[in-house]
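Structure first, then comments.
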Amino acid sequence: MQLELTGVEKTYNISDSVKVPALSGIDLRIEAGEFVSLVGPSGCGKSTLLSILGLLTWPTAGCYSFDGRDTRTVSRRDQARWRGDAIGFIFQSYNLLPRESAWRNVMFPLSFRANTRSTRKTAAMHALEAVGLAHRADHFPSQMSGGEQQRVAVARALVNRPRLLIADEPTGNLDSATGKEILNLIMRLATEYGTAVIMATHDASVASRARRKVTMSDGRIISDARKE
Amino acid sequence: MDWMYTTGALLRDMQTNRLRRILSILGVVIGTSAVIASLAVLEGGREQLSLHLERLGVNMVFLEDRLRPETVITHEYRRDQVTLSQEAAPDSTTAKGRILVKRRMAEASESSGDSENVPVPIHGVLRMRDVSALRARFPGANMIEPVMTHWSDVAQAGGSPFGARIEGGTPAGAVVRDLQITEGRHLIETDIDHSEKVCVLGAEAADKLFGQSAAVGRTVSMLGSRWRVVGVLAQKGTMMRFDYDRLIIVPITSLQERTGVDMVNALLIQARDGEAASRIRTELKAEVLARLHGRDPEEIRIFCQDDLVAQYGRTMSTFRILTISIAAFSLLVSGIGIMNIMLVSVRERTREIGVWKAVGATDADVLSFFLAESVLTCVLGGTIGIFLGVLLASEASGFVANSVSEMSTWTPVFHPVFFGLSLGTTILVGLLSGIFPAIVAAHLEPTEALRYG
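Those protein sequences? They're chains A and B, same order as listed.
Counting in this note's numbering, the first sequence runs from 1 upward without gaps.
Counting in this note's numbering, the second sequence runs from 1001 upward without gaps.
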């Protein structure tokens, strides 16, 4: 898998006269299995960049090629299928479905695939087991702690064994011990599945765990450093 | 999209927002139950009429003179300025007639010396001799039977009187209308020939007069005379506003003799076949009007089964249109309510929709989910409405049957097509009310949706 952004720009049109530039001149290339941390102050464009990488929004200008294919040529429907098949998301505020149990939340991404219900449930239970929450499978998000909810979110993001995991401040809502635990979990599973990870974070200690650190400011990449 | 999962998710959501769901489907419940109940009740009426007409056969023709014998007698009486005595109770109207007969008899006796007790001929109405002429004029009719009706008080000896419809008829008149006997016998020709004071009681009239005890052989007082009961009719109910159960049938000759009026105010005609019935229907009225000089054609009504069915159909279609309009309005209001609820649901789930899209849901998946939610909501309302409609129709028919004797045998009829139609309509309402909110949901940009709230 290879992701490549070339001259990507993103501008939000608030109204006809008000336009807010979020990204400008982004050139970035991410290889399969890489672990990249994305750092920078609030409002620097980290989340917008992650959204573009995750096909949740589209660049205003420039080219984003996913696995060698220009995403501008891919239909909305196929982009949705790519998100389901190749990309996993972890959000700061977990974003679990509140009326569904843990295993149903984890199984949800598989609902859009043509496989049997029992296969889906088995996969969901395995994913929960991998994050150590098989015993809470029938519990609802409201019955779980923040750390547990984020672990369910990790299980949901990885249940499809995606090639790319996008994590937007995954430890932002957690205490440092739980955050560290979640980070370890993500790193372990990503390594096990060969998944590339791009993680936005404010936490320097979290960012330092990645081999590659991309720093942003005012919608631009100001440094792209790799650890030896 | 996994439909099992979708349905499960919808049902779980319905449980959490129970009150809101119940309120949103109320209109669908009311609309559907109104349609089911009204269609079933109206269909019951149509089947009852069809059954009755089937028994009669397709070759029946009815002629009715709207001028009542009571009117003729009262008119004659007033013209003659005769003072009435109340001694002739219980039937004062008949007393007028009887006094009139006596007066006319006296006049006839004075002028011709003939003292026979014969009814007085009245001009402008059908008489027995006209019936004979019509029989000869219309050979296509198997039977042309005269009927004279007259309202009178009736009482068992010593009992309190009640108003009843006395029908002067012939033995063949019972055959034409398929009247069945449960006790005793029908009228026979001898009764007609000798103007016997005998009567056949309708089921309810017999019950009022004699309760559970046998009526045949006993006597009743009416028209200022005592009449022997020879038979009791089987219960038949009401057809075309005519209550057979309260009827009292006497020989037509006896009724004419007692009222003093030689008048026939209805004809029951059984044609050889449907074609002959149609010809008689066309020609009989002109023939009768030609015989009754100067009568208003509007007062003579002639109709056959097709007319009855058409008349019923017209009345029922008015009711049907009214009910369906109410139901349609109710469904429209409900549809708007459901659309509103669906828009609220989309708004509340905006973030969820973002998650769905992030994990692989296409626009079509989201559209299907919200359409399914809307349709499922309506189908749930429709199903409850159908059950309620069945209950309503049964209860309403039972209530009407118990309180209105004319509808005592009216039962609702449920055709599967009613249920199919109702469910189909509710699915349509669900689709129409859900399509806009579903499109709104499907077109949400994932990143915007995830940021919502």
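Glycine residues also receive a C-beta, built at the ideal position from the N, C-alpha and C atoms.
{"Check": "For residue 64(A), the first and last residue of its enclosing beta strand (DSSP E)", "Outcome": "61 to 66"}
{"Check": "Distance between residue 1412(B) and residue 117(A) (C-alpha atoms, nearest Å)", "Outcome": "45 Å"}
{"Check": "DSSP-derived helix/strand/coil call for residue 1213(B)", "Outcome": "coil"}
{"Check": "is_contact[residue 84(A), chain B] using C-beta, thresh 7 Å", "Outcome": "yes"}
{"Check": "Of the residues 1198(B), 1037(B) and 1067(B), the one placed nearest residue 1184(B), counting alpha carbons only", "Outcome": "1198(B)"}
{"Check": "Same chain, Cβ closer than 8 Å to residue 1205(B), neighbours up to 5 away in sequence not counted", "Outcome": "1154, 1164, 1245, 1246, 1247 and 1248"}
{"Check": "Residue 156(A) - containing alpha helix (DSSP H), residue span", "Outcome": "146 to 158"}
{"Check": "Boundaries of the alpha helix (DSSP H) in which residue 135(A) is found, first to last residue", "Outcome": "First-last for residue 135(A): undefined, no H or E at that position."}
{"Check": "Min CB distance residue 1447(B) to chain A below 7 Å", "Outcome": "yes"}
{"Check": "Per-residue DSSP class, three states only, for residue 1375(B)", "Outcome": "helix"}
{"Check": "Selected residue, minimal CA-CA separation from residue 1392(B), among 1281(B), 1150(B), 1031(B) and 1265(B)", "Outcome": "1031(B)"}
{"Check": "Span separating the alpha-carbon of residue 1232(B) from that of residue 1182(B)", "Outcome": "6 Å"}
{"Check": "Short CB-CB distance (under 7 Å) between residue 213(A) and chain B", "Outcome": "no"}
{"Check": "Residues of its chain near residue 140(A), where Cβ-Cβ distance is below 6 Å and the 5 sequence neighbours each way are ignored", "Outcome": "101"}
{"Check": "Residue nearest to residue 1226(B) in terms of C-alpha spacing, selected from 1158(B), 1306(B) and 1143(B)", "Outcome": "1158(B)"}
{"Check": "The ligand SAH heavy atom lying under 6 Å from the CB of residue 1343(B)", "Outcome": "What this structure holds is no ligand at all, so the ligand SAH is not there to describe."}
{"Check": "Where the segment 1326 to 1352 of chain B meets chain A: residues whose CB sits under 8 Å from a CB there", "Outcome": "1351 and 1352"}
{"Check": "Cβ contact check for the segment 149 to 156 of chain A and the segment 125 to 140 of chain A: 3 or more pairs under 8 Å", "Outcome": "yes"}
{"Check": "Identity of the residue in 228(A), 158(A) and 149(A) nearest residue 188(A) by Cα", "Outcome": "158(A)"}
{"Check": "Interface positions of the segment 61 to 86 of chain A facing chain B (Cβ-Cβ less than 8 Å), listed along the chain", "Outcome": "76, 77, 80, 81, 83, 84 and 85"}
{"Check": "Partner residues on chain A for residue 1016(B), Cβ-Cβ distance less than 7 Å", "Outcome": "99"}
{"Check": "Continuous alpha helix (DSSP H) stretch holding residue 126(A): start and end", "Outcome": "117 to 130"}
{"Check": "Under 7 Å between C-beta atoms of residue 1338(B) and residue 1433(B)", "Outcome": "yes"}
{"Check": "CA-to-CA distance, residue 197(A) to residue 213(A), given in whole angstroms", "Outcome": "12 Å"}
{"Check": "Cβ pair count under 8 Å reaching 3, the segment 1124 to 1141 of chain B against the segment 1280 to 1300 of chain B", "Outcome": "yes"}
{"Check": "C-alpha gap between residue 66(A) and residue 34(A), whole angstroms", "Outcome": "15 Å"}
{"Check": "Residue 1451(B), buried or exposed, once every other Cβ within 10 Å from all chains shown has been counted against 16", "Outcome": "exposed"}
{"Check": "CB contact below 7 Å: residue 1452(B) versus chain A", "Outcome": "no"}
{"Check": "Every unbroken beta strand (DSSP E) within the segment 149 to 223 of chain A, with a cutoff of 3 residues, ordered by chain", "Outcome": "164 to 168, 196 to 200 and 212 to 217"}
{"Check": "Residue 183(A) at chain B interface by Cβ criterion, 7 Å", "Outcome": "no"}
{"Check": "Beta-carbon gap between residue 1366(B) and residue 1441(B) smaller than 7 Å", "Outcome": "yes"}
{"Check": "Straight-line Cα distance separating residue 1167(B) from residue 1176(B)", "Outcome": "15 Å"}
{"Check": "Local Cβ density within 10 Å of residue 163(A), reported as buried at 16 or more and exposed below that", "Outcome": "buried"}
{"Check": "Closer than 7 Å at the beta carbon, the chain A residues around residue 1012(B)", "Outcome": "99"}
{"Check": "Strand pairing of residue 1225(B), partner residues [DSSP]", "Outcome": "1222(B)"}
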